[in-house]
Amino acid sequence: MSGKRLHDLVEIEHVPLRFEGAGLYIDNIYIMNIGLPARQEEIMKYGMGFILKPKSIDAMVTISNLGQRQAILHDVSVALGIYRDSGTPALVPLAKRDLEDGRVGIFVLPQDQDAEKAIGVIGNVPTLESAVHMSSEAPKGRGDKR
Numbered sequence: 310m311s312g313k314r315l316h317d318l319v320e321i322e323h324v325p326l327r328f329e330g331a332g333l334y335i336d337n338i339y340i341m342n343i344g345l346p347a348r349q350e351e352i353m354k355y356g357m358g359f360i361l362k363p364k365s366i367d368a369m370v371t372i373s374n375l376g377q378r379q380a381i382l383h384d385v386s387v388a389l390g391i392y393r394d395s396g397t398p399a400l401v402p403l404a405k406r407d408l409e410d411g412r413v414g415i416f417v418l419p420q421d422q423d424a425e426k427a428i429g430v431i432g433n434v435p436t437l438e439s440a441v442h443m444s445s446e447a448p449k450g451r452g453d454k455r
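Here the sequence shown is numbered in this note's numbering, starting from 310 and rising by one per residue.
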């Protein structure tokens, strides 16, 4: 998988954000708790949510890597800007994983609210060499036997 981009590994979908009480969700993926109504309004106004659905078991392992998720958040923030001020932890971009099926929810607050551009940026994030694992090619049984 070395040298690939995320669009080779995942399907990317723009999904509306929603609140259940104080909990912020992208689809069924819990992102964080936002208690202040003013912050909830800001998030609904400026926030965007994306779901990354892995195309294979290898892709699932790759996008579950924390460094890979940080790279996604970094690239989106740099390319589209970010709506944030220092000392506002509720306005931090986050990537959370659904442990059931391996999907990753991406929460960002971009200055440029163009969902198609954001999908393009996410799709063009390179896969990190340290994040690439070929679980499908691992030997059966103990991992150290070849």
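Beta carbons are placed, not taken as given, at the ideal position from N, Cα and C, and that holds for glycine.
For residue i, the residue or residues it bridges with in DSSP
i      : result
Asn342 : Gly332
Ile352 : The partner list for Ile352 (beta bridge, DSSP) is empty, contrary to what the question assumes.
Arg314 : Pro435
CA-to-CA distance, residue j to residue i, given in whole angstroms
i      : j      : result
Ile360 : Gly429 : 13 Å
Val417 : Glu350 : 15 Å
Leu389 : Ala424 : 10 Å
Ala380 : Pro346 : 30 Å
Neighbourhood of residue i by C-beta distance below 8 Å, restricted to the same chain and skipping five residues each side
i      : result
Asn342 : Ala331, Gly332 and Leu333
Ser386 : Pro402, Val417 and Pro419
Residues near residue i by beta carbon distance below 6 Å, same chain, minus five either side
i      : result
Ser373 : Arg406
Arg412 : Ile360 and Lys362
Glu322 : Ile360
Endpoints, alpha helix (DSSP H) assigned at residue i
i      : result
Gly429 : Ala424 to Gly432
Leu382 : Leu375 to Leu389
Under 9 Å between C-beta atoms of residue i and residue j
i      : j      : result
Gly414 : Leu315 : no
Leu437 : Ala404 : no
Lys364 : Val319 : yes
N- and C-terminal bounds of the beta strand (DSSP E) containing residue i
i      : result
Ile321 : Val319 to Val324
Ile415 : Val413 to Val417
Arg361 : In the sequence on display, residue 361 carries Leu and not Arg. Leu361 -> beta strand (DSSP E) spans Met357 to Pro363.
Ala404 : Leu403 to Arg406
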